[in-house]
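Take the sequence shown: its letters are residues 1140 to 1380, numbered as in my numbering. Positions of the beta carbon are idealized from the N, C-alpha and C atoms, including for glycine. To start, the structure under review is shown below, and the notes come after it.
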Amino acid sequence: MHTQDHRQRVAAERRERMRARLLASAMRLVAEKGPAATSIDDVISAAEVSRGTFYKYFPSPDALVRELAIEIANELIRMAEPVVRSYDDPAERVSSGIRLVARLAIDHPLAAAFLMRLGWPDARGPNMLLDFVQRDLTEGIRQGRFTRMPIALALNIVTGAVLGATHRMLEPGCESDFAEQSTAAALRGLGLDAKSAERIANRPLKPVEILSAGLLTETSDIPAPAVANTTGHVVGRRKVG
């Protein structure tokens, strides 16, 4: 019995390592080329595995990208949730969430570039990050902390701030407080006065507990590839320090 349990455990660990290998390879490729241009041949070449091995784990490149997006969202939420939930004020929660995700560009540039390539999230489909922030936006509107508006509009304000800040922070020469500037702008858009928005957006962030394992941890030292912005220019990760 013990021998069988050991074999099953070893086999499960081997499968998980291979899955992580495929996901990490796909993250690099999608960050560089975009999801539409990433093929099975690209992934199996980067991961150095056979086509048959790929299909043991994923039915298609689209399925792989979806699984990768879910994995990154899960890890982001696991890191951000303790900090976000430590605040009672919905505005503080939204502020810390925007800043923590935008800081991906500094702490996890490859994951940030991957998310930029995915583009604007579809609020009609399952999206854990949208669900994550919608909770606090809904509560803020209910309390009167935010201006009454359709929740879809509030989500667009926050999503635009996050994506815009993350994209800009991947560029060389970005202002060191760009995440805070974007957060303050989002809070003003949600209905806070300028002074309150600036104060909340610039409060020191509480420390985030680093995950001991996962895609973000394993790829944190990999720089982001050049990412084409909407004007066609190519940008890369900015230097911090």
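From this set, the options, which residue's C-alpha is nearest residue i's C-alpha?
i: M1308; options: A1175, R1327, P1248; result: P1248
i: F1197; options: I1179, E1214, L1294; result: I1179
i: L1294; options: L1326, S1225, L1269, T1322; result: L1269
i: T1083; options: L1168, M1218, R1154, A1176; result: Nothing can be reported for residue 1083: it is not among the residues displayed for the chain, which extend from 1140 to 1380.
i: E1310; options: R1242, E1231, Y1194; result: R1242
i: A1336; options: E1348, T1322, R1167; result: T1322
i: A1300; options: L1329, M1288, I1280; result: L1329
i: I1237; options: A1333, E1348, A1186, A1324; result: A1324
i: V1347; options: G1173, M1218, R1167, I1183; result: M1218
i: I1296; options: G1283, D1246, S1184, V1233; result: V1233
i: S1184; options: M1267, A1202, L1161, G1173; result: L1161
State the Cα-Cα distance for the pair residue i and residue j, rounded to the nearest angstrom.
i: I1339; j: I1216; result: 21 Å
i: F1271; j: R1190; result: 36 Å
i: L1207; j: A1251; result: 13 Å
i: E1220; j: L1331; result: 23 Å
i: L1144; j: R1156; result: Residue 1144 is actually Asp in this sequence, not Leu. One C-alpha to the other measures close to 18 Å.
i: P1229; j: F1285; result: 9 Å
i: L1350; j: T1356; result: 7 Å
i: D1360; j: A1170; result: 14 Å
i: A1262; j: R1146; result: Note on A1262: pLDDT 47, under 50, position unreliable in the model; the coordinate value appears next. Approximately 43 Å between the Cα atoms of the pair.
i: I1280; j: P1200; result: 39 Å
i: L1257; j: A1175; result: 10 Å
i: E1319; j: V1240; result: 12 Å
i: D1227; j: Y1194; result: 46 Å
Contact defined as beta carbons within less than 8 Å: I believe residue i pairs with residue j. What is the distance between those atoms, to the nearest angstrom?
i: I1290; j: T1298; result: Not really, about 12 Å apart at Cβ, beyond 8 Å.
i: V1204; j: A1165; result: 6 Å
i: A1163; j: T1358; result: 6 Å
i: T1305; j: L1254; result: 7 Å
i: G1353; j: E1231; result: In fact, because the Cβ distance is near 26 Å, the residues do not count as touching under 8 Å.
i: R1327; j: A1333; result: 6 Å
Handout entry: Contiguous alpha helix (DSSP H) assignments of at least 4 residues, all confined to the region 1236–1285
Key = 1243–1246, 1248–1257, 1267–1282
Problem - alpha helix (DSSP H) segments (min. 4 residues) lying fully within the region 1298–1350 - result: 1317–1329, 1333–1340
Problem - Segments assigned alpha helix (DSSP H), at least 4 residues, entirely inside the region 1189–1213 - result: 1190–1196
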